[in-house]
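Trainee: Residue numbers (the working numbering): 661 to 799. Idealized CB from N, CA, C, for every residue including glycine. This structure is in structure tokens; I'll ask about it shortly.
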């Protein structure tokens, strides 16, 4: 897996994944940025959310669960001192579907957290307290 990051100006960068997809990452104006994209640490959270959502959906779909929507809301706390690393991250899934079973959703979230989500497991192994929860919504 590869990626490149090209500085454009100020604190703005254009990143490109090995698969050819680009994202602009920027900083706030008070740090020399123009606020034209997410911050680098926000990208980490977004990547974590997408990684674990990918797993949860794949597990639910394989078990033929009737999922119509899935939203992962991520909240994080960072250390007060530099480096301002993440200390706690909580991922809450809101999973929608007619007739979803709590047991299926719970299993999918647990399997992602404990076995499949590389991002979540990597952060947890690095000392971040990563927790998960879910709510089921009947549309």
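Output needed for residue 728: all residues of its chain with C-beta closer than 8 Å, excluding positions within five of it in sequence on either side, in chain order.
Mentor: Taking the chain shown and counting its residues from 1, the one referred to as residue 728 is at position 68. Excluding sequence neighbours, residue 728 sits near 756, 757, 758, 799.
Trainee: Taking residue 748 and residue 737 to be in contact with their CB atoms under 8 Å, please state how far apart those CB atoms are, rounded to whole angstroms.
Mentor: On the chain shown, position 88 is the one that residue 748 refers to. On the chain shown, position 77 is the one that residue 737 refers to. Contact flag correct, Cβ pair sits at about 4 Å.
Trainee: Tell me residue 736's beta-bridge partners as DSSP assigns them.
Mentor: Counting from 1 along the chain shown, the entry for residue 736 is found at position 76. Residue 736 pairs with 749.
Trainee: Identify which residue in 720, 711, 689 has its Cα closest to the Cα of residue 768.
Mentor: Along the chain shown, read from residue 1 onward, the residue named residue 768 stands at position 108. If we check each option's Cα against that of residue 768, 720 comes out closest.
Trainee: Can you tell me which of the three DSSP states residue 729 falls into?
Mentor: Looking up residue 729 in the chain shown gives position 69. Residue state, collapsed to three classes: strand.
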